[in-house]
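Protein chains in written order, with the working numbering: chain A, 8 to 258; chain B, 8 to 330. Yeah, the Cβ is synthetic: ideal placement off N, Cα and C, and Gly gets one too. Heads up, the thing below is written out as structure tokens.
As structure tokens, then:
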């Protein structure tokens, strides 16, 4: 059985309960709209947002935020699987270990892509200019980021399997500095210098910048390579740590 | 089916080294039904995890269903079924879907998996629950679903870790009916762990007693009891002197120095007590000693464990140490 088939089996298993009771899915889809409606209007005319529609600046950031929130929670489903024994049952089948990991993360990636499509559709009438090639490249970048964050989240879930509450503590502890120092919500150009320096150490900062350039259709912008590099590094780190955690999970 | 040599596992808990399993040499042939019996923390589950590729051994070798568990874990996984202590099916997943997914995990096609799922739902009396989520099943139904998940790919060798823990006697009997039928139909080799003495005694054809990470006895339950415990005959007589004379007679039947006399009560440890008792009574009659009551007690596996380790398995159970 190849890796794609195996990943598909795990992914299909994870998605089926969501489709059976879609209320959770619907609420997750609505979540970004809350930010667009209640936060987006505050950005108009703010320095650093750019001359054009504030949506052009805000939408890529929102998508990075969704990737961060969605994928970093991927470990949650793993926590319950670890506690009940269904994780163990999967581990005794010949299924590829990496496939188990990626299959779990894929659910969150797919939700992210659906959210992105919904957001773009909603903001199009309000001055958002769609650059198809740029958006496609930007989404690819987000998928890379999501795979990395999702795998890190699964590794964390396995590491914290004996005290599940620790999973949420660590996840939240990491989440907010990453978010606030990424320039997703407000332009980092307005930050005092020490904060701007701190943000330089946040890999997400580069992903956000690159996603903005790509969504603006500027595929060759100098911010793109650092963003690609940051996303690829997170993905590599996540897959390595996740696979190690799976292999060493002496349950 | 199972061959291990020097199989061992140690854990590092903080700075202490815990030897969970210390050198396991076991051989299980095709079609056997073997129970691994021992108190909590004896190393049963750790051994099982190594045999099922869930835990890498720190030393030794294990060849399971023809595959080395370290060199070819995927090959081992394809050939064995494993039913763990927890529930294999996820709470919010539909019973039938979980069985189909399991088939797909073993490389069966979608159609094949669906047919097999329907077969298993029927044979394990779960057809009515097929469309429900696993979280809504009763304890006994959920355990049967676990069994079904372990059988999807028709393994020749099935591992069960404490299969009946937490089930009431009725559900336990029901579970065993299914396991024994499976064995009768397909000759599956079964290797299980248990800390229920009665279960090991009545179900297993071979019992391995494990304590502190080592196998300390390995035989049929009958042979273990005969060799390591023996039957106990208790007689009472009318007077003390009569009891002393009866004790003297009983000495001739007993195995070793195994007769005690207390007041009017005589206790004798013998082999094959059912055959000895009538003979003993006839001899006593012939010598004019009148026995008022006679009682024969067959030993349990707990007596075996007690004689081997000086501890009762039931006491260890009550302490409830972590497995």
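Residue 277 of chain B, buried or exposed, once every other Cβ within 10 Å from all chains shown has been counted against 16 = Per the 10 Å Cβ criterion, buried.
Beta-carbon neighbours of residue 98 of chain B, restricted to chain A and to distances below 8 Å = In chain order: 87, 91.
Assuming residue 105 of chain A contacts residue 160 of chain A (C-beta within less than 8 Å), just tell me the rounded distance between them.
-> With a Cβ gap of about 15 Å, residue 105 of chain A and residue 160 of chain A do not count as contacting.
Rounded Cβ spacing between residue 106 of chain B and residue 151 of chain B (contact assumed at less than 8 Å) = That belief does not hold up - the Cβ atoms of residue 106 of chain B and residue 151 of chain B are roughly 11 Å apart, past 8 Å.
Could you check if residue 132 of chain A is buried or exposed, using at least 16 other CB atoms within 10 Å of its CB as the buried criterion?
-> The residue in question, residue 132 of chain A, is exposed, as its Cβ has fewer than 16 Cβ neighbours within 10 Å.
C-beta contact flag for residue 198 of chain B and residue 59 of chain B at 7 Å | It is not a contact, given that the beta carbons lie outside the stated cut-off.
Output, in chain order, the set of chain A residues within a Cβ distance shorter than 8 Å of residue 81 of chain B.
-> Chain A residues near residue 81 of chain B: 101.
Close Cβ partners of residue 218 of chain B (< 6 Å) along its chain, the five nearest in sequence each way excluded | Result list for residue 218 of chain B: 45, 49, 316, in chain order.
Residue 124 of chain A to residue 101 of chain A, Cα distance in whole Å?
-> Roughly 36 Å between the two C-alpha positions.
Excluding sequence positions up to five away, which residues of its chain have a Cβ less than 7 Å from the Cβ of residue 175 of chain A?
-> No residues qualify anywhere along the chain.
For the putative contact between residue 101 of chain B and residue 157 of chain B, defined by C-beta atoms under 8 Å, what is the C-beta separation to the nearest angstrom?
-> Wrong, their Cβ atoms sit about 18 Å apart, outside the cutoff.
Sorted by chain position, which residues of the same chain lie with C-beta nearer than 7 Å to residue 72 of chain B's C-beta, five sequence neighbours on each side aside?
-> Correct list, in chain order: 8, 83, 86, 87, 163, 164.
How should residue 258 of chain B be labelled, buried or exposed, when 16 other C-beta atoms within 10 angstroms of its C-beta is the threshold for buried?
-> Burial is judged here by how many other beta carbons sit within 10 angstroms of a residue's own beta carbon; residue 258 of chain B has fewer than 16 and is exposed.
Alpha-carbon to alpha-carbon, residue 309 of chain B and residue 236 of chain B = If I take the Cα positions, the gap works out to 9 Å.
For residue 328 of chain B and chain A, any beta-carbon pair shorter than 7 Å?
-> Residue confidence is low: residue 328 of chain B scores 40 on pLDDT, short of 50, so the model does not pin down where it sits. No coordinate-derived value is stated.
Enumerate, from N- to C-terminal direction, the unbroken beta strand (DSSP E) stretches of 3 or more residues contained entirely within the segment 171 to 223 of chain B.
-> Fully enclosed beta strand (DSSP E) runs of 3 or longer: 196 to 201, 213 to 218.
is_contact[residue 104 of chain B, chain A] using C-beta, thresh 7 Å = Yes - at least one Cβ of chain A is within 7 Å of the one on residue 104 of chain B.
Chain B partners of residue 95 of chain A, CB-CB under 7 Å?
-> Ordered by position in chain B, the residues that pass the 7 Å Cβ test against residue 95 of chain A are 61, 91, 93.
How would you call residue 116 of chain B, buried or exposed, if buried means at least 16 neighbouring beta carbons within 10 angstroms?
-> Burial call: exposed.
For residue 115 of chain A, the three-state DSSP class (helix, strand or coil) = Helix.
Pick helix, strand or coil for residue 240 of chain B, following the three-state DSSP scheme.
-> Strand, per DSSP.
Any beta-carbon of chain B closer than 7 Å to the one on residue 219 of chain A?
-> Answer no: the Cβ-Cβ gap between residue 219 of chain A and chain B never drops below 7 Å.
Using a beta-carbon distance below 7 Å, is residue 114 of chain B in contact with chain A?
-> Yes, its Cβ sits closer than 7 Å to a Cβ of chain A.
According to DSSP, residues forming a beta bridge with residue 79 of chain B | Bridge partners of residue 79 of chain B: none, in fact.
Within this structure, are the beta carbons of residue 154 of chain A and residue 191 of chain A separated by less than 7 Å?
-> In this structure, residue 154 of chain A sits away from residue 191 of chain A, with a CB-CB distance that is not shorter than 7 Å.
To which residues of the same chain is residue 137 of chain A closer than 7 Å at the C-beta, ignoring the five residues directly before and after it?
-> 127, 131, listed in sequence order.
Where does residue 86 of chain A sit, in a helix, a strand or coil, going by DSSP?
-> The answer is helix: DSSP assigns residue 86 of chain A an H, G or I state.
Cut-off 6 Å between Cβ atoms - residues of its own chain near residue 72 of chain A, not counting five sequence neighbours on either side = Spatial neighbours of residue 72 of chain A in its own chain (CB-CB distance under 6 Å, excluding positions within 5 residues in sequence) are listed in chain order as 191.
Could you round the C-beta distance between residue 61 of chain B and residue 231 of chain A to whole angstroms and report it? I think they count as a contact, below 8 Å.
-> Between residue 231 of chain A and residue 61 of chain B the Cβ distance is about 44 Å, and since that is not below 8 Å, they are no contact.
Can you round the beta-carbon distance between residue 195 of chain B and residue 35 of chain B to whole angstroms, since I take them to be within the 8 Å contact cut?
-> 12 Å between Cβ atoms; not a contact.
State the DSSP-derived secondary structure class of residue 89 of chain B, mapped to helix, strand or coil.
-> DSSP places residue 89 of chain B in strand when its eight states are reduced to three.
Measuring only between beta-carbons, confirm whether residue 201 of chain B sits less than 7 Å from chain A.
-> For residue 201 of chain B, the nearest beta carbon of chain A is not closer than 7 Å to its own beta carbon.
Do you know how far the Cα of residue 50 of chain A is from the Cα of residue 199 of chain A?
-> Here the alpha carbon of residue 199 of chain A sits roughly 19 Å from the alpha carbon of residue 50 of chain A.
May I ask you to list the residues that DSSP assigns as paired with residue 269 of chain B?
-> According to DSSP, residue 269 of chain B bridges with B/272.
Relative to the C-alpha of residue 23 of chain A, which residue among B/146, B/97, B/306, B/19 is closest?
-> If we check each option's Cα against that of residue 23 of chain A, B/97 comes out closest.
Figure out for me which residue from B/185, B/29, B/142 has the closest Cα to the Cα of residue 132 of chain B.
-> For residue 132 of chain B, the closest alpha carbon among the candidates B/185, B/29, B/142 is that of B/185.
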